[in-house]
Every structure is written in structure tokens, then in C-alpha cells.
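In what follows, a single structure is set out as C-alpha cells and then discussed.
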Amino acid sequence: MSIKFYLSEWFYNMGIVGFLRILKFNNVDESRYTAKENYLEIENELLDNFAEYYFNYFFTINDDRERFVTITNEATKLIENYDELSEASDQEASAKNIIEAINKVYDRFKRYENSVKNTCYVDEYNDLLNSLKEINRIIKKDTSTKTLGDAKSILNNLLAFVSIEEIRKKRAANITRSNLSDFFGQASFLNPAFAGAYAQNFIEKMHKDYVQPVKEKYNQNPSKKSKSKTVYHCSLCSRETIGNYHFDEAMFSPIGLSLKENKNFFWNEVNKLPICEECKLLLMCTPAGCTPLRKPRPTIDEIDYYTEYTFVNLDTDIDSLFKINENFKQRSSSSNPYREIIIDIVTEKKQKARWTLQSIFFVEFQTKKKTTYLHYFNIAPYKAKFFIDKQVNYLLTHIYPPRFQMDTMEYILNDRDLYLLIYENLSNYIKKAGTPIWCFNVVCLRHLLNGYRRRQEKVSTKIINEAFNYGKDLNRYYVTTDSANKINSIGYKMLNAVKVGNKEEFLDNLIRTCMSIQKPIPDFFLNVLTEQRADFKDIALAFICGFTALPLGADESKENVLNKEV
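Quick note: to get the working numbering, add 1364 to the position in the sequence shown (first position is 1).
Have a look at this one:
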């Protein structure tokens, strides 16, 4: 007998992708499951070992040993390179780096505390932790060959310790528990009572709570089913169920409700959202179906990082849905996975790429205690045309630094006006006398995007390029006449005029600037600025980018500046 899971809402599809990932990761025979156009079909017998497949997947991807090895090897390398330094100042700086590196190892090793509990390795763990702390104290005063040799020996012992199979699995289990709690709260094996439990305990608990109910349902003799029990229909797939389980926060906390505390959300306060045994199991696979992204959150003192989960929903077929999420996951470590996934799509045939982009639905969510922050967006038809434009592709790949490029992509996807991002970065470039060429590329993107939005077709960037080049001409004149120190102040005044939307003030500054150096204002520029045109900001910003594009450095000659390409 087989079980079918049909494409449905995004979180349900995320479970299907996760289920497939777990099966493929464990090299399960593909004859035991089939991905049809709109449903995934699995054999009932496949579930016999599914709990093992499930935790083999999560314990492997959450294996902390490689990360610990990387940090420890960095400290070891610093120790090995210390004797090669001849200058006292270099050795002093290196000693500080060694101390900092060992502190990082110490902090990382402390995370193994819960993994060591209730094992025979507690004393060994404490001895290693104390030895590491003590050797770091000694290094502050003594960097002799013997001391550094002892430190290296301790680090090697740490590597051997974290490689112990029992410790390694318990550490992976604890990380898995922590990550899965973002999705299911404290359900089943995520209950605090399971903290520090062995890997086998997790497998047995999951099989009992999630797999066994499904198997019992399918193995039950239809003639012996109790007719006295009320039969419900699953709120997710409409299968028949006896109503033992309900779609609440324990099933999928990002969008599930506490049914007891939120009766007012339901008609006549009948707070029942029954789900079947099959869907309960499928929802447990949702963490495997999404991609965690580590994102920065600037604070007053430093940059904090948080985890945001992303899923790419596609309502075409299961094969395409799985492939696009695999593609996104493989690019998750890049600086801008959204740009890369879209570029991959637009390399397909133009019409197919357009259809695919219009069908995509991005879901992002993060959890903080019991609160979920959910954000989703799709790609409008005009934006699909925009992304398959080769010029857009070129401009998107020529924006630096990577953070600026990523912000540009997020602004476009989230329908935020790129002007805000351009102003912020252009303002910083002017203050720091940097080159704003990357800002100009974003100005071109804004011009093209607005053209597709208003006309559903591509607009020319000729006038944007002419404004930029005219700005460069004025810049070169200021540089060759020893007036380069005036460029930034003039550019900043113009930028502020654009910020407040004061076209007259911008034009006044432009006329004064041109008159002071006896340069004519091109007719196209005057016509555009005096007419009611929607692209005034683009033209003005392009000019400012060109005008401030060639700052004269303190140690640069005029000849070198004139030969630079922007």
C-alpha cells in the first residue's frame, strides 16, 4: 500500500521537499518512492526505517566536529608559526593572536558540556577544559617552546575527544534539538527531558510518536475499524482521521496556534483543526525542506547574526520544486543566493524563464521564542521581464561590495525604492571620497525597473549614460584646474536637493556650477529637468555619480586621474 502527498500550501510543499531530501540523502532505493507531477508517492514499508533516515540526515548536517577542527587548527597553525618570527614585536603580536585563538577554542569546547552529561567522559572533559584555561594563562607570561608544545598537545587531545563517536552524536543531537525547536516547540523528543539523550533514544521516540501511528493506520484491517469513533477529515489533505491530532503550534509553530488559548479565532469557539497521521509525519520534515541563512543585524556596538529560514515555493511540479530548492541551498553560502538563483533561471529559454519566475513564491521566516516573523514575496510579471533582460543581468553582477549587491537584490524583490539605497551609499561615497561607479549601476537598474513597471517593456538607458558622462566631463575639468576639492561639496548639495525632491534647487546648483567654469548645459539635460518626467531622480543621480566619480587622491597626479576609467 502506498501513501500520497499532493502539492498544496507552501509549508506543506516544504514538507514534501524535506521528505525527498531525507530519502535521497540516505540513498533510499528510488523504486520505493515516486515524484509524480503533483504528488509524492511512497511505499508504506519505506517507513520502517524512516526515523533512522531522519536523524541520520540531521545528525550529519549538524555534526559540529568539522567546525571545531577548523577553529582548533587555526590556533595550532599560529603556534607552529611562532618560532619562525624573528622580530620581538611580531612575536608579541603573535602571542596575543594565539591567546585569542585558544579562547575561541575554549568557548567552542564549553558547548560540549551538555553532550558529556551522563557519560563516562565527564572527568576527562573537565580536565581538558581546565588544562586549556591554564595553558592560556601561562602563555600570557611564557611563550617558550615547551609551553607552546604543551598547548599544541592539549589541542590535539581536544580533537581526539570531540571525535569520540558517542560525544559526536550527542553533540549533533543537541544541535538538532535546538534547531528543530524553532519549528515544533517542545513536542515529543524536543521536550526538555530529552536534553542530553542518546541518539538511539531520539530515533525510538520519533518512530513511536510519528511513524508508528501511520503504520498502524495502514496495517489496520478495515473490517475491524471501530464504527463508534467519530471520523474527521484532515484540515490539510482531507484524508479521514479519528481526530487524535490537531494543527497547532506543536505541529508547525511558525504558523500554528495554541488552540486552547485562541478559541476566539474559531467559529463558535470550536477549536478543532484535525490533521491526519500522514500529515503529522510530513510536517516533521519541513526543517529539511527549507534553507537556513545566516544574516547580519547591525547593533550599536557590533553586528549581530540571526538565522532566517527560506523556502522557494513553485506550483508547477514536484521535480521542479525540489530542484529549485536544491539549487538555492547549494548557493546559500554565497553573498547573494537570491541573485544567483534568479540568474540560473534566466539562463533557460526566455519564455520558460519568464513563466518560472512568475510562478516563484519566496517564503522567509525566523522564530524568536514563541514569536514568528514571516515574510513572503513573489515576482510580478513586469519584474520577471526585468530579470530576463541581459543588461539587468550584467548590472546585477557588477555591484560591489557584496553587501551592496545583496541589499540591491533585496530592495528589488521586496518592492522597496532603490533610490533610498542609492542615496545612502552615494552619500557615504562622497563623504569618504570613494568611487560611486557601483551606485551608477544601481541607478541604471532603477531606471530599467521603473520602465518595466510603467510600460511593461524595456526603456533606453541612453539619457542616463549621457548624464553620467556629462558629470565626468565636469569632474575632469575641476581636476585639471586644481579645483578638485570643490567636487564633493557641490555633489553633496545636489544630492540633498534630489533627496527632498527639489528639482529647482538641483537645477540652480547645476547652472551655477556650469557657469562658474563656462561650460554649457546640454539641451537634453535642460529639457528633461524642466519637464515633468518620472525619471528626474535617475538622471540627476546619474549626473552626481559621474561628477563625483574621479576624486583626486592626496598622492595622485593629475595625469593619473585623467587616465583612470570609471
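Every residue, glycine too, gets a C-beta built ideally from N, C-alpha and C.
- Looking at G1513, N1390 and L1523, the one whose alpha-carbon comes closest to that of R1429 is L1523.
- The stretch 1754-1766 makes no contact with the stretch 1877-1885; the number of CB pairs closer than 8 Å stays below 3.
- It is roughly 46 Å from the alpha-carbon of D1514 to the alpha-carbon of A1551.
- DSSP places Q1755 inside the alpha helix (DSSP H), whose first and last residues are K1754 to L1760.
- In this chain, H1571 is not harboured by any beta strand (DSSP E), its DSSP state being neither H nor E.
- L1785 is positioned such that its CB atom lies closer than 8 Å to that of T1772.
- Contact between the stretch 1687-1703 and the stretch 1653-1663 is present: three or more C-beta pairs spanning the two stretches fall below 8 Å.
- Nearest Cα to I1743 within the set N1839, D1779, K1636 and L1645: D1779.
- Between the alpha carbons of F1566 and F1616 lies a gap of roughly 19 Å.
- For N1426, there is no enclosing beta strand (DSSP E), as DSSP marks it with neither H nor E.
- Closest in C-alpha terms to I1688, from the list K1796, E1580, G1382 and K1734, comes G1382.
- For the pair Y1417 and E1405, the CB atoms are not nearer than the 8 Å cut-off.
- Judged by DSSP in its simplified three-state form, Q1730 adopts strand.
- Residue pairing by DSSP places T1735 opposite K1732 in a beta bridge.
- The C-alpha of F1729 is placed about 10 Å away from the C-alpha of F1547.
- From the listed residues G1815, C1808 and F1741, the smallest Cα separation to K1749 is found for G1815.
- In the three-state reduction of the DSSP assignment, Y1370 falls in the strand class, which pools E and B.
- One alpha carbon belongs to A1452, the other to N1555, and they sit about 55 Å apart.
- Three or more Cβ pairs drawn from the stretch 1717-1727 and the stretch 1669-1681 lie within less than 8 Å of each other, which places the two stretches in contact.
- Between V1575 and L1645, the CB-CB gap stays under 8 Å.
- CA-to-CA, the gap between T1483 and L1519 works out to about 22 Å.
- Secondary structure in the stretch 1486-1525: the alpha helix (DSSP H) runs of 4 residues or longer, each lying completely within the stretch, are 1486-1503 in chain order.
- Under the Cβ criterion (8 Å, minimum of three pairs), the stretch 1525-1535 counts as touching the stretch 1468-1483.
- Contact between F1900 and K1863 fails: their C-beta atoms lie close to 13 Å from each other, not under 8 Å.
- Of the candidates G1865, M1858, L1890 and E1869, the residue whose Cα lies closest to the Cα of G1910 is M1858.
- When the Cα atoms are used, I1706 and K1747 turn out to be separated by approximately 11 Å.
- For D1573, same chain residues with a beta-carbon under 6 Å away, outside a window of 5 residues either side, are S1552 in chain order.
- Residue burial annotation: K1504 is exposed, with fewer than 16 other C-beta atoms found within 10 angstroms of its C-beta.
- Residue range I1667 to L1678 is occupied by the beta strand (DSSP E) that includes Y1670.
- With a threshold of 16 other beta carbon atoms within 10 Å, N1377 meets it and is buried.
- V1756 and L1685 have their alpha carbons spaced roughly 25 Å apart.
- K1714 has its alpha-carbon roughly 55 Å from the corresponding atom of A1557.
- Per DSSP, I1406 is not a residue of any alpha helix (DSSP H); the beta strand (DSSP E) it occupies stretches across Y1403 to E1407.
- DSSP, read as helix, strand or coil, puts K1883 in coil.
- CA-to-CA, the gap between E1613 and L1721 works out to about 32 Å.
- Cβ contact annotation for I1903 (same chain, cutoff 7 Å, sequence separation greater than five): I1827, I1828, A1831 and V1892, in chain order.
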